[in-house]
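What the sequence shown shows, in the numbering used here, is residues 1 to 132, in sequence order. From the three backbone atoms N, C-alpha and C, an ideal C-beta is built for every residue, glycine too. Small disclaimer: the values here were computed from a predicted structure and weren't measured.
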Amino acid sequence: MENEVWALWSSMRTGIAISSIFVIVAIWVGARFTSVMVDKNVSTLPRIIQTVFGLTLMVWVTNIVILNRAVVIGAAKAMETAGESAQLSDGAQNYVDTWASADPSLMANPIGALFLLSALLIIILPLWVKAD
Numbered sequence: 001m002e003n004e005v006w007a008l009w010s011s012m013r014t015g016i017a018i019s020s021i022f023v024i025v026a027i028w029v030g031a032r033f034t035s036v037m038v039d040k041n042v043s044t045l046p047r048i049i050q051t052v053f054g055l056t057l058m059v060w061v062t063n064i065v066i067l068n069r070a071v072v073i074g075a076a077k078a079m080e081t082a083g084e085s086a087q088l089s090d091g092a093q094n095y096v097d098t099w100a101s102a103d104p105s106l107m108a109n110p111i112g113a114l115f116l117l118s119a120l121l122i123i124i125l126p127l128w129v130k131a132d
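Below you can see the structure in the form of structure tokens.
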């Protein structure tokens, strides 16, 4: 059973990698839109639209980050269940000990939370705070 969980975990890592690339690209797109708007010195309405876009983008990205973390935790719980019927390897037991009782919330990963907060500020603040 342990080998099947590891195979599933490996497949899930592909999805996590793809969604992580999406997160980086999405943040870049949001920041790029802001950069263009600041360079063109747009009026208030486009700034409001970009602010709403930036906020919703970052909520979406945050959801993806939390889901990715939940996938890792879910795999650990599946491994834990597999360990009830057979002895787990040392690596599998270490994985279970590390992740099975972890919290999928963003507060359990303060570095990731700070990254997302700083990305939000990079997208929103230049629209409303003048560099002068």
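Exposure of residue i, with buried meaning 16 or more beta-carbon neighbours within 10 Å
i: Trp60; result: exposed
i: Gln50; result: buried
i: Glu80; result: buried
i: Ala7; result: exposed
i: Leu57; result: buried
i: Ile111; result: exposed
i: Thr44; result: exposed
i: Ala86; result: exposed
Pick from the options that is closest to residue i, judged by C-alpha positions
i: Val144; options: Trp128, Thr34, Lys130 and Gly15; result: The requested residue 144 does not occur in the structure, where the chain is confined to residues 1 to 132.
i: Pro126; options: Ile27, Ala31 and Val65; result: Ala31
i: Asn3; options: Thr62, Ala82, Ser20 and Ser43; result: Ala82
i: Val23; options: Leu121, Trp128 and Phe115; result: Phe115
i: Asp97; options: Pro110, Gly112 and Gly74; result: Gly74
i: Met107; options: Asp90, Leu55 and Asn63; result: Asn63
i: Leu120; options: Thr44, Val29, Arg69 and Lys130; result: Val29
i: Leu134; options: Ser43, Ile21 and Leu55; result: In the structure displayed, the chain extends from 1 to 132; residue 134 sits before or after that span and is not available.
i: Asn94; options: Ser105, Asp103 and Lys77; result: Lys77
i: Val129; options: Pro104, Val38 and Arg13; result: Val38
i: Ile18; options: Val42, Val5 and Asn68; result: Asn68
i: Ile66; options: Ser85, Ile123 and Asn109; result: Asn109
Residue span of the alpha helix (DSSP H) that contains residue i, given as start and end
i: Pro104; result: First-last for Pro104: undefined, no H or E at that position.
i: Asn41; result: Segment: none, Asn41 is in no alpha helix (DSSP H) and carries neither H nor E.
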